[in-house]
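In the working numbering, the protein residues as written are 64 to 372.
Single-structure report; data block below.
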Ligand code: ADP
Ligand code: MG
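Here you go:
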């Protein structure tokens, strides 16, 4: 038993009423989402903070235990950078993308598939035999193409063959996917994990594509954490990209959200991965935090705590 499980309700200071209220609040959401596929992109600080990666694993196992079908996608830019530095290998960035030669690709692939993915699988599987780690190369899941010759082995997604993921889900397993793809010749490519998560969510017709990141969500002013945009349609996002509200790492993330929703995911969400159990808060409570992205204005949905009007 974990130390946390040994805590009694008194230790946590919650009254029995509050504990049952929280469970009952979750009931309609559990009913609604039972059987639904939820693709979760894990990244940012949450991935390198041991406590947050533990609570993330608990959330994923809880999702599966109440009948949802979670799929985890992860990247690991900082971990790749760290390993390259340890090996004394310098790399160049162009437009925010790491120029990836054959050696750098090898390092990226080893770090993502052999270390970061393993760590996530290990965390989830402390709760039972649930997670299966895989590269986007497995079962030709992610078919890739070189983005630009100057960038080396940086890829774009051409198509997704979700069969291997569907088979794991049918067995009640939790796929944990590293952001590598390959082309027909078997050449591997490093691909932005946000993009892969969006493409997989679209191909699976997921209920939700959820992005855990280091900010409260999409912000109108990046320097003002209270300027959260609670909801946006994909048309509004196009305007935010055009007017420069969205920059940097938020660009591929928003692009992936739009792609996922266009391809058939019902909604995409950007959540603050620094908040413990943020997945449970979004899925199973009335709070509705972060940014929610839908095709059309989501007028039929209940109010979100972050709604201003
Ligand atoms: P992740 O590890 O989640 O992929 P990234 O650094 O790639 O993190 O992307 C998130 C970053 O995008 C934020 O930390 C922020 O610096 C940047 N960003 C750019 N524009 C915005 C915006 N409008 N709202 C929020 N974040 C933004
Ligand atoms: Mg990023």
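Where a beta carbon is used, it is the ideal one built from N, C-alpha and C, also for glycine.
For residue 133, the enclosing beta strand (DSSP E) starts and ends at 132-137. Judged by their CB atoms, residue 262 and residue 322 are nearer to each other than the 8 Å cut-off. Between the beta-carbon of residue 336 and that of residue 289 there is about 19 Å, and that puts the pair past the 8 Å contact cut. For residue 298, the closest of 358, 256, 339 by C-alpha to C-alpha distance is 358.
Every residue with a CB closer than 6 Å to a heavy atom of the ligand ADP is listed here in chain order: 106, 107, 257, 276, 277, 278, 281, 282, 285, 308, 309, 310, 311, 312, 313, 316.
Shown here, residue 179 sits in a helix according to DSSP, grouped into three states.
Residue pairing from DSSP places residue 197 in a beta bridge opposite 240. Following the DSSP letters along the chain, one finds residue 227 inside the alpha helix (DSSP H) bounded by residues 226-233. Residue 271 sits in a strand when the DSSP states are folded into three classes. Fully enclosed beta strand (DSSP E) runs of no fewer than 3 residues occupy 132-137 of the region 108-170, in order along the chain. Taking a cut-off of 8 Å on C-beta distances, the region 181-197 does not touch the region 210-219, as fewer than three cross pairs fall below it. Between residue 106 and the set 307, 267, 242, 318, the nearest pair of CA atoms involves 242.
The beta carbons of residue 204 and residue 227 sit closer together than 8 Å. In the DSSP secondary-structure assignment, residue 280 is not bridged to any residue. Nearest to residue 212 by C-alpha distance, out of 164, 255, 179, 232, is 164. With respect to the C-alpha of residue 96, the residue from 153, 221, 329, 171 having the closest C-alpha is 329.
Scanning its chain for C-beta atoms nearer than 6 Å, with the 5 sequence neighbours on each side dropped, one finds no residue around residue 313.
Burial state of residue 310 is exposed, judged by a 10 Å Cβ sphere holding fewer than 16 other Cβ atoms. Here the C-alpha atom of residue 142 lies approximately 7 Å from the C-alpha atom of residue 174. Under DSSP, residue 89 takes part in no beta bridge, so it has no partner. Here the alpha carbons of residue 90 and residue 194 stand approximately 25 Å from one another.
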